[in-house]
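Everything in the sequence shown is counted per our numbering, starting at 2 for the first residue and increasing by one.
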Amino acid sequence: MAEDNAITGMRARNLATPGTGLETKLWTRSFTLLCITVMLGYAHHALMTPTVPLYVDDKGGSALLAGLALLAFSVPSVAVRPFLGKLSDAWNPVWILTIGLVLLALGGLLFITPLLAMVFFAGIVRGVGWAGLNTGGYTALATAAPALRRGEASGYYTGITASASVFFPALALWLIDGPGSFQLVFLLSAVIAASGLPFAFSMARMMREPQAVSQPSRVQPSGGLFERGVLLATGLNFCSTLAAPAVTAFLPLYARSLDIGNIGLYYVFAGLTSIVIRPLLGQKSDAIGRGPSIAFGLISQLAGLLMIVAATSLPLILLGGVFMSLGSAMNSSATTALAMDLAAPESRGKSMATFSISFQLGAGVGAILAGALADAVGFRGMYVGAIAITVLGLGLLAATWKSLPRPATPGEPELA
2 MAEDNAITGM
12 RARNLATPGT
22 GLETKLWTRS
32 FTLLCITVML
42 GYAHHALMTP
52 TVPLYVDDKG
62 GSALLAGLAL
72 LAFSVPSVAV
82 RPFLGKLSDA
92 WNPVWILTIG
102 LVLLALGGLL
112 FITPLLAMVF
122 FAGIVRGVGW
132 AGLNTGGYTA
142 LATAAPALRR
152 GEASGYYTGI
162 TASASVFFPA
172 LALWLIDGPG
182 SFQLVFLLSA
192 VIAASGLPFA
202 FSMARMMREP
212 QAVSQPSRVQ
222 PSGGLFERGV
232 LLATGLNFCS
242 TLAAPAVTAF
252 LPLYARSLDI
262 GNIGLYYVFA
272 GLTSIVIRPL
282 LGQKSDAIGR
292 GPSIAFGLIS
302 QLAGLLMIVA
312 ATSLPLILLG
322 GVFMSLGSAM
332 NSSATTALAM
342 DLAAPESRGK
352 SMATFSISFQ
362 LGAGVGAILA
372 GALADAVGFR
382 GMYVGAIAIT
392 VLGLGLLAAT
402 WKSLPRPATP
412 GEPELA
């Protein structure tokens with residue numbers, strides 16, 4: 002098998018063998034193409050996220066209608082992932098990713114139609130496309146990443162996808178308010194999604210049909226649409242993402258209630274911290290193991306939330322936000338690597354589809370929960386709720402500590 006065929010043979014276990022550059026090299030052509038392709042899909046999404054509510058408002062719709070438009074995207078995005086996961090196991094996952102890009106581009110073009118009703122149909126199309134992009138992307142990542150460098154691979158992958166949210170939302174708002182229009186943003190989003198197709202096609206050509214498993218897996222796949230083997234990684238990541246919206250969405254309102262200005266600096270510091278540190282933290286999780294890495298992430302997240310609750314000035318809020326971002330970055334990288342460790346080779350698609358739901362479900366439920374707590378008990382009470390969720394995650398980690406795979410070492414490629 003050639004070095005560039007890092008994600009060839011999707012049923013074969015990807016174990017790192019010391020002394021061979023084949024299984025331990027991370028930045029193969031396949032992994033590079035995967036990162037570029039998914040980055041372009043996330044750039045499309047980052048352009049559309051702030052644009053859709055503004056577009057609905059511009060067309061005379063209410064805030065409720067804008068929320069329903071976002072719901073039209075979110076529901077199919079979560080609902081179809083288990084089906085796409087099973088399809089990824091039976092087919093080439095890169096084709097699932099490719100279909101996702103096509104649907105994202107088509108959804109962007111549908112928004113150009115000057116009908117408010119089209120917003121909902123386009124949202125459904127984009128939601129299915131988003132599910133395909135993430136299901137196919139995470140499945141390809143699980144196969145492409147060398148076993149000894151899964152944490153590092155997850156760090157680069159999640160860091161690259163997170164980088165889209167730093168630049169592209171601001172670009173969308175600038176185009177709407179400045180030289181462009183909503184239609185220009187929609188067209189640009191479609192072009193960006195479509196520009197990922199050549200990279201996806203190149204990646205797909207490097208793959209063969211699924212092969213028989215070369216050695217039996219210790220992890221037996223479960224029946225049904227969801228993979229029980231990765232529920233631990235899914236639950237831990239869900240706890241982390243569930244607490245995050247209290248900071249990412251509601252920190253400006255909290256700062257305003259304290260008469261603290263310049264809170265926009267938080268997004269700059271948090272974004273840069275998250276992007277730069279993810280590969281380093283992911284690499285560390287390969288060395289020290291998933292359990293200590295996730296514990297570090299949750300404790301860092303807990304420390305950040307405590308600082309925010311105690312804050313009366315901008316510096317402490319910014320420091321708390323950086324700690325929160327650091328913890329979230331560590332958790333996403335380590336839990337993604339843990340899901341790859343726990344996934345049976347013959348059901349990677351279903352496993353990674355199950356795991357990837359935790360990101361969107363955590364963010365969506367977390368935003369609703371944070372808003373409800375803020376209305377009921379105030380912003381400080383909301384952050385106390387986020388602290389309780391983080392402590393719950395630490396409790397889950399402690400209760401399952403002995404079942405976590407230990408770090409692999411040279412001469413011992415199997416994470417057992």
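Glycine included, C-beta positions come from ideal geometry on N, C-alpha and C. Source: prediction; values computed, not measured.
* Length of the line joining the Cα atoms of glycine 133 and arginine 407 -> Numbered from 1 along the sequence shown, position 132 holds the residue referred to as residue 133. Numbered from 1 along the sequence shown, position 406 holds the residue referred to as residue 407. A straight-line Cα-Cα distance of about 31 Å links glycine 133 and arginine 407.
* **Nearest-angstrom Cβ-Cβ length linking threonine 159 and arginine 349, presumed shorter than 8 Å** => Within the sequence shown, residue 159 is the residue found at index 158, counting from 1. Within the sequence shown, residue 349 is the residue found at index 348, counting from 1. Rounded, the Cβ-Cβ distance is 18 Å, inconsistent with contact.
* Is leucine 226 buried or exposed, if buried means 16 or more other CB atoms sit within 10 Å of its CB? -> The sequence position of residue 226 within the sequence shown is 225, counting from 1. With fewer than 16 Cβ atoms within 10 Å of its Cβ, leucine 226 is classed as exposed.
* Determine the contact status of serine 196 and tryptophan 131, defining contact as a CB-CB distance below 8 Å. => On the sequence shown, position 195 is the one that residue 196 refers to. On the sequence shown, position 130 is the one that residue 131 refers to. Between serine 196 and tryptophan 131, the gap from beta carbon to beta carbon reaches 8 Å or more.
* With 16 as the cutoff for other CB atoms within 10 Å, does proline 19 come out buried or exposed? -> Residue numbering aside, residue 19 sits at position 18 when the sequence shown is read from its first letter. Low confidence applies here, because proline 19 scores a pLDDT of 36, under 50, leaving its location unreliable and the question unanswered by this model.
* **Contacting residues, own chain, Cβ-Cβ under 7 Å from leucine 397 (five flanking each side not counted)** => Stepping through the sequence shown from its first residue, residue 397 is reached at position 396. Once the five neighbours on either side are set aside, the close Cβ partners of leucine 397 are Gly236, Leu237, Cys240.
* May I have the straight-line CA-CA distance separating threonine 114 from glycine 62, to the nearest angstrom? => On the sequence shown, position 113 is the one that residue 114 refers to. On the sequence shown, position 61 is the one that residue 62 refers to. Each residue's Cα considered, the two are about 16 Å apart.
* Does DSSP put glycine 42 in a helix, in a strand, or in coil? -> As a position in the sequence shown, residue 42 is number 41, starting the count at 1. Glycine 42 carries a helical assignment under DSSP once its states are collapsed to helix, strand and coil.
* Does the count of Cβ pairs from the region 305–324 and the region 102–122 closer than 8 Å reach three? -> Judged by Cβ distances under 8 Å, the region 305–324 makes no contact with the region 102–122, as fewer than three pairs qualify.
* Answer yes if the region 247–267 comes into contact with the region 366–374, meaning at least three C-beta pairs across the two stretches below 8 Å, and no otherwise. => Touching, yes.
* To do: Confirm, please, whether the CB-CB distance from serine 359 to threonine 242 is below 8 Å.
  => Here residue 242 corresponds to residue number 241 of the sequence shown, with the count starting at 1. Here residue 359 corresponds to residue number 358 of the sequence shown, with the count starting at 1. Cβ distance < 8 Å, so threonine 242 and serine 359 count as in contact.
* Asked: If we ignore side chains and look at the alpha-carbon of each, how far apart do valine 167 and phenylalanine 74 end up?
  -> Here residue 167 is taken as the residue at index 166 of the sequence shown, counted from 1. Here residue 74 is taken as the residue at index 73 of the sequence shown, counted from 1. Taking the straight line joining both Cα atoms gives about 21 Å.
* Asked: Cβ atoms of threonine 136 and arginine 206: under 8 Å apart, would you say?
  -> Here residue 206 refers to the residue found at position 205 when the sequence shown is read from its first residue. Here residue 136 refers to the residue found at position 135 when the sequence shown is read from its first residue. Cβ distance not < 8 Å, so arginine 206 and threonine 136 don't count as in contact.
* Go ahead and pull the three-state DSSP assignment for glutamate 210. => Position 209 of the sequence shown, counted from the start, is the residue given in the question as residue 210. Here glutamate 210 scores only 44 on pLDDT, less than 50, and its place in the model should not be relied on; the value that follows carries that caveat. Residue state, collapsed to three classes: coil.
* To do: Report the option in Ala145, Ile161, Thr336 whose CA atom is closest to the CA atom of leucine 233.
  => Position 232 of the sequence shown, counted from the first residue, corresponds to residue 233. Closest in C-alpha terms to leucine 233, from the list Ala145, Ile161, Thr336, comes Thr336.
* **6 Å CB neighbourhood of proline 253 in its chain, flanking five on each side removed** => Locating residue 253 in the sequence shown gives position 252, counting from the first residue. Here the set comprises Ile264.
* Does the region 50–70 come within contact of the region 80–97, defined as at least 3 CB pairs closer than 8 Å? -> With a cut-off of 8 Å on Cβ pairs, the region 50–70 is not in contact with the region 80–97, counting fewer than three such pairs.
* Asked: For valine 81, which of helix, strand or coil comes out of DSSP?
  -> Against the sequence shown, residue 81 aligns to sequence position 80. Annotated three-state conformation of valine 81 is coil, per DSSP.
* To do: Identify every run of the alpha helix (DSSP H) within the region 287–328, keeping only runs that are complete inside it and at least 4 residues long; order them along the chain.
  => The alpha helix (DSSP H) runs of length 4 or more contained entirely in the region 287–328 are, from start to end of the chain, 291–311.
* Return the first residue and the last residue of the alpha helix (DSSP H) that tryptophan 96 is part of. => Reading the sequence shown from its first residue, position 95 is the one you call residue 96. That run of the alpha helix (DSSP H) goes 94–111.
* So, using beta-carbon positions, are arginine 279 and alanine 338 closer together than 8 Å? -> On the sequence shown, position 278 is the one that residue 279 refers to. On the sequence shown, position 337 is the one that residue 338 refers to. The answer is no: Cβ separation not under 8 Å.
* Helix, strand or coil at lysine 26 [DSSP, three-state] -> By 1-based counting over the sequence shown, the position of residue 26 is 25. Coil.
* Contact set for glycine 124: own chain, Cβ-Cβ below 6 Å, skip 5 residues either direction -> For the purposes of this step, residue 124 is taken as residue 123 along the sequence shown, with counting starting at 1. Ala70, Ala73, Phe74, listed in sequence order.
* Could you check the C-alpha separation between glycine 68 and leucine 55 for me, to the nearest Å? => Against the sequence shown, residue 68 aligns to sequence position 67. Against the sequence shown, residue 55 aligns to sequence position 54. If you draw a straight line from the Cα of glycine 68 to the Cα of leucine 55, it is about 11 Å long.
* **Straight-line gap, leucine 185 to leucine 41 (C-alpha atoms, nearest Å)** => To locate residue 185, count along the sequence shown from 1; it is residue 184. To locate residue 41, count along the sequence shown from 1; it is residue 40. Per the coordinates, the alpha-carbon of leucine 185 lies some 17 Å from the alpha-carbon of leucine 41.
* Helix or strand or just coil, what does DSSP make of leucine 116? -> For the purposes of this step, residue 116 is taken as the residue at position 115 of the sequence shown. Residue state, collapsed to three classes: coil.
* Compute the distance between the beta-carbons of glycine 328 and glutamine 302, then report whether it is under 8 Å. => As a first step, residue 328 is located in the sequence shown; it is residue number 327 there, counting from the start. As a first step, residue 302 is located in the sequence shown; it is residue number 301 there, counting from the start. Cβ distance < 8 Å, so glycine 328 and glutamine 302 count as in contact.
* Please report the residue range of the alpha helix (DSSP H) in which threonine 162 lies. => The residue given as residue 162 occupies position 161 in the sequence shown. Run containing threonine 162: 151–178, per the alpha helix (DSSP H) assignment.
* Under the three-state DSSP convention, the category serine 182 falls into -> The residue given as residue 182 occupies position 181 in the sequence shown. Correct three-state label for serine 182: coil.
* From lysine 285 to valine 277, what does the alpha carbon distance come to, in whole angstroms? -> Start at 1 with the first residue of the sequence shown, and residue 285 comes out as number 284. Start at 1 with the first residue of the sequence shown, and residue 277 comes out as number 276. C-alpha separation (whole angstroms): 14 Å.
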